[in-house]
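The structure appears right after this line, and notes come after that.
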Amino acid sequence: MSQDIPILLYHSVSDDPPAGFTPWAVGRALFAEHLDMLRGLGRVCLSIGELTELTRAGAPVPEAAVVVTFDDGFSDFASNAWPLLKAGGVPATLYVTAGLVGGTSEWLEPAGAGRLPMLGADDLGALADDGVEIGAHSMTHPQLDTVGRERAWREIRDSKDALEAILGKPVETFAYPHGYHDRATKKMVADAGYSSAAAVRNALSHAGDDRFALARYTVMADCSAEHLAGVLDGRNATRARTKEQVRTCVWRQVRRLRARSAR
Ligand SMILES: [Zn+2]
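What follows is the structure, encoded as structure tokens:
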């Protein structure tokens, strides 16, 4: 059996997040502890692109591999997260909500999570030049499996085009907003030319995982370095199943019905 490959999902590193967003904002000191723990355990940190290249080629993934990803593209990635990652030699994949570059996190407001400033185009260029892998995270952060096919396709394709125009290089990976996806959205991601996509699932990925729905573990603000170490070694998290669980499918039907009645 091949080893587990933990893919961590962070959103924000901040000591002063807006009220309502605190569960997703990991404090700076705690984030530094997480990175120290990774180093202390001798974990081999890869980007999503590096991992995908290995698994696509059927090449062995380094033992103790771990991937650090950030979703959304909040401006605190540049000010708080990347300086610590870079100092620790940890690569990262940053998934950016491409229609809100330079703006604010409009999609969070209805959920009462406030408005966070987003990275601007210049920030993204500088981060990419500095070695950050930039991936797409749709244009406006909708639930792609409930918005209708045409809109989902535009969100997936246009975010790739928009980020490539900013960066002047290919954008190879996509992350589903909220992790929500289905067979149709996965096919759209492949058709749009991405080589991988990240889901959520709060489980550990592995070499046989679905390349277009990679399992990630969401790191919340209250996740101690000790707890995270237990996630990495499988004490506090399990390996992702290859097939989608029935519970997820039922929840999707509920969300679809809600989306329909809200139109
Ligand atoms: Zn997101």
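Quick note, the sequence shown lines up with residues 3 to 265 if you use my numbering. We put the CB at the ideal spot given by N, CA and C, even for glycine.
Between the alpha carbons of F76 and S49 lies a gap of roughly 19 Å. Here the C-alpha atom of A223 lies approximately 15 Å from the C-alpha atom of D78. Counting of Cβ neighbours within 10 angstroms places T95 among the buried residues, the total reaching 16 or more. Relative to the non-hydrogen atoms of ligand 1, the Cβ of H183 never comes closer than 7 Å to any of them. Here A205 is not bridged, per DSSP, to any residue. With fewer than 16 other Cβ atoms from the protein chains shown falling within 10 Å of its own Cβ, T240 counts as exposed.
The beta carbon of R41 is closer than 7 Å to those of G90 in its chain, skipping five residues each way along the sequence. Comparing alpha-carbon positions, the option among R213, V252, R260 lying closest to G51 turns out to be R213. Contact between the stretch 51-67 and the stretch 14-29 is absent: fewer than three C-beta pairs spanning the two stretches fall below 8 Å.
Relative to the Cα of R159, the nearest Cα in the group V149, A138, P179, V98 belongs to A138. Secondary structure of M222 (DSSP, three-state): coil. As the crow flies, the alpha-carbon of R258 is around 23 Å from that of R218.
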